[in-house]
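Colleague: Let me give you the structure first, and then I'll get to my questions.
Numbering (the numbering used here), first residue to last: 10 to 382.
So, in structure tokens, the structure goes:
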């Protein structure tokens, strides 16, 4: 087999198996790729403890996605030694794991999750120049060292700037107005969205409060109008639903609106949504993924299953394609994956994901909205 598990610090009961399910992916007996890569996945499984049950469940969901990605990497012919390590949410345990001399030969480390764990791995990777991926939380380059630190997320304020750029590309013919009607919201969100939109489009979008300065007053009356809401609460959602009924107006709101309890969801139809983590369940890929998942684990895949699948498949296939300098080859390009788009950019002494998602709801089904307009 192309992928070997030299050390798996996970129990059979929790993770079903440390080997690939042969019914899902047959073993590859030959490979065009001669180099064998050493990859380490460090996650807080917290095995053997009664605490942190919810964290353990999330990590298991993530790892199930990793296992499904491994099956595809085998089909690609990748040769890999994979170590899966349990950090136990303990920086001292991380230090112990890093003391293994074999860790100095690693080609890629994905994880850990929490800052105290990441700090120890950052020191290690900066010394040995090992690419380090922060999979679930934004982590700054605390040491300021020159080594490839890759964030799968951006800090919230910058995520709005990147979303503004995405909207500028996707809605080129629209007049764009930002509605910031939440008195408790951080106004930097709307300002950063405007900055990203204005820089990318060469046009100017307005920011209104939706009450004194209304969409009717802001609209030029001739172009189609895109109203972008930054408020995540019920009042912003209700305002968006009201304005969704007006011809020539399109509403773009945060994905959090979908989680608000309401008696009638029909008002959300034909709306657009932005968010980093969204999977359209009517998508053909989801149907196939769900079938494969059920054959391995039963039930339905969760959000973190898709995240684990996308991230592990993306970074390991990039490593296989571009070798140890893969992190330079993925910059300033767009890769559309299941749960989000990967679009990595260099900012200062780290690399972060500027990608996001746009979806629209039509007949109560989600569709990816890339370049529809």
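Even for Gly, the Cβ is constructed at its ideal location relative to N, Cα and C.
Under 8 Å between the Cβ atoms of residue 49 and residue 101?
Modeller: no
Colleague: Please report the Cβ distance between residue 70 and residue 311, rounded to the nearest whole angstrom; I am assuming they are in contact, meaning their Cβ atoms lie under 8 Å.
Modeller: 5 Å
Colleague: Check whether the Cβ atoms of residue 235 and residue 282 sit closer than 8 Å, and answer yes or no.
Modeller: Not closer than 8 Å, so no.
Colleague: Express the C-alpha separation of residue 272 and residue 337 in angstroms, rounding to a whole number.
Modeller: Using only the alpha carbons, I get a separation of about 49 Å.
Colleague: What distance in whole Å lies between the Cβ atoms of residue 321 and residue 78, which are believed to be in contact at a cut-off of 8 Å?
Modeller: Correct: roughly 4 Å between the Cβ atoms.
Colleague: Can you grab the Cα-Cα spacing for the pair residue 148 / residue 202, in whole Å?
Modeller: Here the C-alpha atom of residue 148 lies approximately 22 Å from the C-alpha atom of residue 202.
Colleague: Could you tell me whether the segment 120-130 touches the segment 286-295, using the rule of 3 or more Cβ pairs below 8 Å?
Modeller: no
Colleague: Kindly confirm or deny that the segment 165-182 and the segment 357-365 touch, where touching means at least three C-beta pairs closer than 8 Å.
Modeller: yes
Colleague: Quick one: what's got a C-beta closer than 7 Å to residue 39's C-beta in the same chain, skipping five residues either side?
Modeller: The predicted model places residue 39 with a pLDDT of 37, which falls under 50 and marks its position as unreliable; any figure quoted below should be read in that light. Taken in chain order, the list of residues that qualify is empty.
Colleague: Return the residue from the list 109, 115, 190 that minimises the CA-CA distance to residue 243.
Modeller: 190
Colleague: So, residue 256 versus residue 209, is the Cβ gap smaller than 8 Å?
Modeller: no
Colleague: Can you have a look at residue 240 and say buried or exposed, based on whether 16 or more other CB atoms are within 10 angstroms of its CB?
Modeller: That one is buried.
Colleague: Using 10 angstroms around the beta-carbon of residue 168, count the other beta-carbons present and answer buried if the total reaches 16, otherwise exposed.
Modeller: buried
Colleague: Below 8 Å on the Cβ atoms is my contact criterion, and I expect residue 245 with residue 238 to pass it. Report the Cβ-Cβ distance as a whole number of Å.
Modeller: 5 Å
Colleague: Please report how far the alpha carbon of residue 72 lies from the alpha carbon of residue 215, in whole angstroms.
Modeller: 43 Å
Colleague: Return the Cβ separation of residue 317 and residue 75 in integer angstroms, given the expectation that the two are a contact with Cβ distance under 8 Å.
Modeller: 5 Å
Colleague: Assign residue 367 to one of two classes, buried (16 or more other C-beta atoms within 10 Å of its C-beta) or exposed (fewer than that).
Modeller: Under this definition residue 367 is a buried residue.
Colleague: In chain order, what residues of the same chain lie with their CB nearer than 6 Å to the CB of residue 30, ignoring the 5 residues before and after it?
Modeller: Because residue 30 sits at a pLDDT of 34, beneath the cut-off of 50, its placement in the model cannot be relied upon, and the following sentence gives the value as read from the coordinates. Once the five neighbours on either side are set aside, the close Cβ partners of residue 30 are 305.
Colleague: Give me the Cβ distance between residue 144 and residue 161, rounded to the nearest whole Å; I'm assuming they're in contact under 8 Å.
Modeller: The Cβ separation is near 5 Å, so the contact holds.
Colleague: Would residue 353 be called buried (16 or more neighbouring beta carbons within 10 Å of its own) or exposed?
Modeller: The C-beta of residue 353 has 16 or more other C-beta atoms within 10 Å across all chains shown, which makes the residue buried.
Colleague: By how many angstroms is the C-alpha of residue 187 removed from the C-alpha of residue 199?
Modeller: Linking residue 199 to residue 187 through their CA atoms gives a straight-line distance of about 7 Å.
Colleague: On the DSSP bridge list, what partners appear for residue 354?
Modeller: Residue 354 pairs with 361.
Colleague: What's the gap between the Cα of residue 250 and the Cα of residue 346?
Modeller: 29 Å
Colleague: Span of the alpha helix (DSSP H) holding residue 103?
Modeller: 100-107
Colleague: For residue 65 and residue 335, I'd like the C-alpha separation in whole angstroms.
Modeller: 30 Å
Colleague: Using the three-state DSSP reduction, which class does residue 157 fall into: helix, strand or coil?
Modeller: The answer is coil: DSSP assigns residue 157 none of H, G, I, E or B.
Colleague: Secondary structure at residue 88, three-state DSSP: helix, strand or coil?
Modeller: Correct three-state label for residue 88: strand.
Colleague: How would you label residue 170, buried or exposed, when you count the other beta carbons within 10 angstroms and need 16 or more for buried?
Modeller: buried
Colleague: Below 8 Å on the Cβ atoms is my guess for residue 404 versus residue 47; work out the distance and round it to an integer in Å.
Modeller: In the structure displayed, the chain extends from 10 to 382; residue 404 sits before or after that span and is not available.
Colleague: Would you tell me roughly how many angstroms separate the C-alpha atoms of residue 343 and residue 292, rounded to the nearest one?
Modeller: Between the C-alpha atoms of residue 343 and residue 292 there is a straight-line separation of about 20 Å.
Colleague: Identify every run of the alpha helix (DSSP H) within the segment 298-331, keeping only runs that are complete inside it and at least 4 residues long; order them along the chain.
Modeller: For the segment 298-331, whole alpha helix (DSSP H) runs of length 4 or above, ordered along the chain, are 312-331.
Colleague: So who's on the other strand from residue 218, going by DSSP bridges?
Modeller: Residue 218 pairs with nothing; no bridge assigned.
Colleague: First and last residue of the alpha helix (DSSP H) that includes residue 137?
Modeller: From DSSP, the alpha helix (DSSP H) with residue 137 extends over 124-137.
Colleague: Between which two residues does the alpha helix (DSSP H) containing residue 201 stretch?
Modeller: 197-210
Colleague: State the Cα-Cα distance for the pair residue 37 and residue 83, rounded to the nearest angstrom.
Modeller: Because residue 37 carries a pLDDT of 36, less than 50, the predicted location of this residue cannot be relied on, and the following value inherits that uncertainty. Taking the straight line joining both Cα atoms gives about 6 Å.
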